[in-house]
Amino acid sequence: MANYLALSARIIKELQEIEQVVERAEDIWRQSEASGDDRYLDGLALNLQSFYTGLERILELVVSEIDEDRLAGPNWHQELLRRAATEVPGLRPAILSDTTRNALDRYRGFRHVVRNVYSFDLDKEEMAPLLRDLRPVFANAKTDLTRFATALAQTDKDN
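Per the numbering used here, residue 1218 is the first one in the sequence shown, and the count goes up by one each step.
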C-alpha cells in the first residue's frame, strides 16, 4: 500500500517546482517579445516541455503507487491522461478534471513536437497560444492536484 502522506507531499513539492517553470516560460516570452530575438524560443519550448513533463511525472507516480500499474505501449502518454481523469471506484477519485485533461493534451502534443524537430524549426505562432494559456492551465491543474493531494493526506490519516 502506498504511503499517501508522502505521496501527497511529493505532489505539492512538484507543483511548486512546476510553478517556477511557468514563471520562467513567461519571463522568456517577455524577453523574446522585447528583443525580437527568436533564439529565446528554444528556452520557451524547453520550459513548455518541462511544464508538461513535470505534471506527467506526478500522474505517473500516482498511477504507479496507487493504481499499482505501469503504462506501456506507443500511446501510454495519452492513456495516462485518460486514466488521470477517471475515478477508480474503491481506489481513488479522478486526479484531473476532464477540462484539465483536455488542456494538458495540447502540451503533451507540443512536447512531442519539441522532441522531434530541430530548435530552429520551432514555430512562434504555435507556441503563442500555449504560452497564453499556460497560467490558467497550470491554475486548473494545481487546483485538481492539490485537491487530490489533500484527499490522499486525509486518507492516510484515516487509516
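In this text, a Cβ means the ideal position worked out from N, Cα and C, and glycines have one as well. The structure displayed is predicted, hence computed values, not measured ones.
Sorted by chain position, which residues of the same chain lie with C-beta nearer than 6 Å to residue i's C-beta, five sequence neighbours on each side aside?
i     : result
F1365 : I1312
L1200 : Since the first residue of the chain shown is 1218 and the last is 1376, residue 1200 is not available in this structure.
H1294 : R1325
N1333 : none
K1359 : L1232
A1320 : V1354
E1304 : P1310, A1311
Do you know how far the Cα of residue j is from the Cα of residue i?
i     : j     : result
L1308 : D1254 : 50 Å
Y1221 : D1338 : 43 Å
Q1237 : T1317 : 19 Å
D1361 : S1314 : 7 Å
M1218 : A1301 : Legend: pLDDT at M1218 = 48, less than 50; position of this residue unreliable, no value from coordinates given.
G1290 : E1277 : 14 Å
L1232 : Q1371 : 19 Å
E1234 : S1249 : 23 Å
A1251 : L1272 : 29 Å
T1367 : W1246 : 33 Å
I1229 : S1336 : 32 Å
N1357 : P1306 : 23 Å
R1274 : R1227 : 11 Å
D1244 : D1322 : 23 Å
Considering just the uninterrupted stretch of the alpha helix (DSSP H) at residue i, what are its terminal residues?
i     : result
R1247 : 1221-1252
F1327 : 1315-1333
A1301 : 1293-1301
In the structure shown, what three-state DSSP assignment does residue i receive?
i     : result
R1287 : coil
R1309 : strand
L1265 : helix
D1259 : helix
L1339 : coil
M1218 : Any reading at M1218 needs caution, since the residue's pLDDT is 48, under 50, leaving its predicted position unreliable; the model's value is listed next. The answer is coil: DSSP assigns M1218 none of H, G, I, E or B.
N1357 : helix
E1273 : helix
E1282 : helix
Give me, in chain order, the residues of the same chain whose beta-carbon lies closer than 8 Å to that of residue i; leave out the 5 immediate sequence neighbours on both sides.
i     : result
L1265 : A1242, Y1324, F1327, R1328, V1331, M1344, L1347, L1348, L1351
L1263 : V1331
T1270 : R1328
Taking 7 Å as the limit between beta carbons, can you name the residues of its chain near residue i, skipping five residues before and five after?
i     : result
K1341 : D1255, L1258
V1280 : D1286, L1288, L1297, R1300
V1239 : F1268, L1351, R1352, F1355
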